[in-house]
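K.L.:
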Amino acid sequence: MATGSEASKAAETVVDWHKQDSKRMLHAVYRVGDLDRTIKYYTECFGMKLLRKRDVPDEKYTNAFLGFGPENTNFAVELTYNYGVDKYDIGTGFGHFAIANDDVYKLAENIKSKGGKITREPGPVKGGSTVIAFAQDPDGYMFELIQRADTPEPLCQVMLRVGDLERSIKFYEKALGMKLLRKKDVPDYKYTIAMLGYADEDKTTVLELTYNYGVTEYSKGNAYAQVAIGTNDVYKSAEAVDLATKELGGKILRQPGPLPGINTKIASFVDPDGWKVVLVDNTDFLKELQ
Ligand SMILES: N[C@@H](CCC(=O)N[C@@H](CS)C(=O)NCC(=O)O)C(=O)O
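Residue numbers for the sequence shown follow UniProt numbering, beginning at 1 and rising by one.
1. Could you tell me whether the stretch 120-129 touches the stretch 177-189, where touching means 3 or more Cβ pairs closer than 8 Å?
2. Comparing C-alpha positions only, which one of Lys-220, Val-162, Gly-140 and Lys-9 sits nearest to Ala-194?
3. Going along the chain, which unbroken runs of the alpha helix (DSSP H) with 4 or more residues stay wholly within the UniProt domain "VOC" (24-148)?
4. Do you know how far the Cα of Glu-173 is from the Cα of Val-270?
5. Is Thr-80 closer than 7 Å to Tyr-61 when the C-beta atoms are compared?
6. Taking just the CA atoms, how far does Ser-237 sit from Ser-8?
7. Taking 8 Å as the cut-off, does the stretch 82-90 touch the stretch 32-52 (at least 3 CB pairs, one atom from each stretch)?
8. So, using beta-carbon positions, are Gly-230 and Arg-52 closer together than 7 Å?
9. Which of the three DSSP states, helix, strand or coil, is assigned to Ile-169?
10. From the DSSP output, in three-state form, read off Glu-208 for me.
11. Go ahead and pull the three-state DSSP assignment for Pro-272.
12. Applying the 10 Å Cβ sphere with the 16-neighbour rule, what's the burial state of Ile-262?
13. Assess contact between the stretch 93-108 and the stretch 143-158, defined as three or more Cβ pairs (one per stretch) separated by less than 8 Å. Is contact present?
14. Classify Asp-58 as buried or exposed, calling it buried when 16 or more other Cβ atoms lie within 10 Å of its own Cβ.
15. With a threshold of 6 Å, establish whether the CB of Val-125 neighbours any heavy atom of ligand 1.
16. Mapping the DSSP letters down to three states, classify Lys-190 as helix, strand or coil.
17. Taking the straight line between their C-alpha atoms, what separation do you get for Lys-49 and Lys-40?
18. Could you check whether the Cβ of residue 295 sits closer than 6 Å to any heavy atom belonging to ligand 1?
19. So is Lys-106 buried or exposed if we call it buried at 16+ other beta carbons inside 10 Å?
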């Protein structure tokens, strides 16, 4: 068993590693029932670009990557189409992705004119002043549209609901070296949100964790899969995750190592709520893009 001083030394090593590492949110992975339908919707309604496509017939699936900029600098969505599966259950835990735009009213009009669905008209967020709207994609995934001046990263949030916000904040700080960028309690609407990430929330993609007062459990469904985070060393990053899971919950799913076939080094784990994260070696990821 680790003595007290060994444990605190391990914690210090982890903090040092997070400081040295260059972690970055790479993409969110989820399943869709018709790849062409989603690509059309995201390019026409949201203005995303199709960045790459990869068919893996041996495993009977196709991936498409879309986003607002190249994957070596920007966040992307990685859509997965499993041959023959046209419907998924999104569950109650997944919240939304978000798109920042300098004119949400115009964006919402554009979405409607292209046949897209606006489920919440543009206007100030309840309990605040930022202009938001919500759009729903053909599979039922929600996209919050957020009014914000020009930004290098329009694909700006992945929102997930959690059962204990303080536990989640500690977990993402310790396991992944994320910073708590902002926390906002909205008692009138009985929820608290925390923005976590690696740079300012108006310049990069952040994880938005939402706690609804009194709600500790959500269903995960089978549609949303995970976020991928780049790191300079999956082995060292996995050690940090391992320590965090021992203290706060969650579990390593895949020990760090190269993926058979493509040799990209990865590790994966679930957080205390069961949300999955994949760590991907930064250098291997750039090679995949070539
Ligand atoms: N109960 C909400 C809490 C989170 C929330 O309300 N978020 C704000 C955006 S930060 C929102 O969706 N507001 C809806 C509105 O203003 O119409 C949930 O779980 O989604």
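A virtual CB, placed ideally from N, CA and C, is assigned to each residue, including glycine. Computed from a predicted structure; not experimentally measured.
P.N.:
So, from the data block:
1. Contact between the stretch 120-129 and the stretch 177-189 is established, with three or more Cβ pairs separated by less than 8 Å.
2. Val-162
3. Runs found: 35-41 and 104-113.
4. 15 Å
5. yes
6. 17 Å
7. Pairwise C-beta distances place the stretch 32-52 in contact with the stretch 82-90, as three or more of them are shorter than 8 Å.
8. no
9. Judged by DSSP in its simplified three-state form, Ile-169 adopts helix.
10. strand
11. Coil, per DSSP.
12. exposed
13. yes
14. exposed
15. yes
16. If DSSP states are grouped into helix, strand and coil, Lys-190 belongs with coil.
17. Between the C-alpha atoms of Lys-49 and Lys-40 there is a straight-line separation of about 10 Å.
18. Here the chain covers residues 1 to 290 and nothing more, so residue 295 does not appear.
19. exposed
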